[in-house]
Amino acid sequence: MNNSRRIKRIIRHHKRGQDSNASLNMVSLMDIFTILVFFLLVTSSDSQILPTPKAVSLPESSAEKFPKKTLVIMVNDTDIRINDKHIAPVSQVMADKKATIPALQQALNDYRKGSASRTIKINREAVTIMGDRHIPYKLLKKIMLTCAGSKFTNISLAVTKKSAGGA
Numbered sequence: 384m385n386n387s388r389r390i391k392r393i394i395r396h397h398k399r400g401q402d403s404n405a406s407l408n409m410v411s412l413m414d415i416f417t418i419l420v421f422f423l424l425v426t427s428s429d430s431q432i433l434p435t436p437k438a439v440s441l442p443e444s445s446a447e448k449f450p451k452k453t454l455v456i457m458v459n460d461t462d463i464r465i466n467d468k469h470i471a472p473v474s475q476v477m478a479d480k481k482a483t484i485p486a487l488q489q490a491l492n493d494y495r496k497g498s499a500s501r502t503i504k505i506n507r508e509a510v511t512i513m514g515d516r517h518i519p520y521k522l523l524k525k526i527m528l529t530c531a532g533s534k535f536t537n538i539s540l541a542v543t544k545k546s547a548g549g550a
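Add 383 to a position in the sequence shown, counting from 1, and you land on the number used in this note's numbering.
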């Protein structure tokens, strides 16, 4: 059977596409994935969100700034903690008539002395207070006065960001 020129051209075209030496170069694809993995690892380690314990219910705010790495004082209705280390019970602090909290002041001073040898760079004059939304203002004021007395003058309050739909 005699094929027309058009049929011969189509057959030649299909034979060109069936090259047995063709392969996929995986080296450049692996390089791209390696760079992507390193990028994700580096950016995920700089977390902009403070871990919130279940015992602390933070107040809401429309704050736009993200928290920096600082010393975190957690306060709930039962106790005051620094980095999960129990400092003082709230009931004892509220019963005390002093304007400052001696146990917290001692812990802050100890932290300041020991922070020079730490490998993580944390601002030594900054502290973040992660206080439950239901703690009394009197307690918050005592904590802030104690921090200022221990030369932690840059005091931040941790809050949760309001949802866009909230008023």
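The beta carbon of each residue, even a glycine, is placed where N, CA and C say it ideally should be. For clarity, every value in this text was computed on a predicted model and none was experimentally measured.
Going by the DSSP bridge assignment, what does residue i pair with across the sheet?
{"i": "Ser-539", "result": "Thr-511"}
{"i": "Leu-454", "result": "Val-510"}
{"i": "Ala-471", "result": "Ile-463"}
Can you find the residues in the same chain that come closer than 8 Å, C-beta to C-beta, to residue i, ignoring five residues on each side of it along the sequence?
{"i": "Thr-529", "result": "Thr-483, Ile-484, Leu-487, Gln-488 and Leu-491"}
{"i": "Ala-471", "result": "Asp-462, Ile-463, Ile-484, Ala-486 and Leu-487"}
{"i": "Val-510", "result": "Thr-453, Leu-454, Val-455, Ile-456, Leu-491, Cys-530, Phe-535, Asn-537, Ile-538 and Ser-539"}
{"i": "Ile-526", "result": "Ile-456, Val-458, Ile-463, Ile-484, Leu-487, Ile-512 and Gly-514"}
Rounding to the nearest angstrom, what Cα-Cα distance links residue i and residue j in this structure?
{"i": "Phe-535", "j": "Lys-524", "result": "14 Å"}
{"i": "Val-473", "j": "Lys-481", "result": "14 Å"}
{"i": "Val-420", "j": "Asp-493", "result": "39 Å"}
{"i": "His-469", "j": "Arg-495", "result": "17 Å"}
{"i": "Ala-478", "j": "Ala-541", "result": "25 Å"}
{"i": "Arg-399", "j": "Asp-414", "result": "30 Å"}
{"i": "His-396", "j": "Thr-417", "result": "38 Å"}
{"i": "Leu-412", "j": "Ser-427", "result": "23 Å"}
{"i": "Asn-408", "j": "Val-425", "result": "27 Å"}
Spatial neighbours of residue i within its chain, please: CB distance less than 6 Å, with the 5 preceding and 5 following residues excluded, ordered by chain position.
{"i": "Ile-465", "result": "Ile-456 and Ala-490"}
{"i": "Ser-533", "result": "Gln-488, Leu-491 and Asn-492"}
Return yes when the Cβ of residue j is within less than 8 Å of the Cβ of residue i, no when it is not.
{"i": "Asp-467", "j": "Ile-518", "result": "no"}
{"i": "Val-476", "j": "Leu-522", "result": "yes"}
So, at 7 Å on beta carbons, what are the nonlocal neighbours of residue i in its own chain, with the 5 sequence-adjacent residues on each side left out?
{"i": "Ile-393", "result": "none"}
{"i": "Glu-508", "result": "Lys-534, Phe-535, Thr-536 and Asn-537"}
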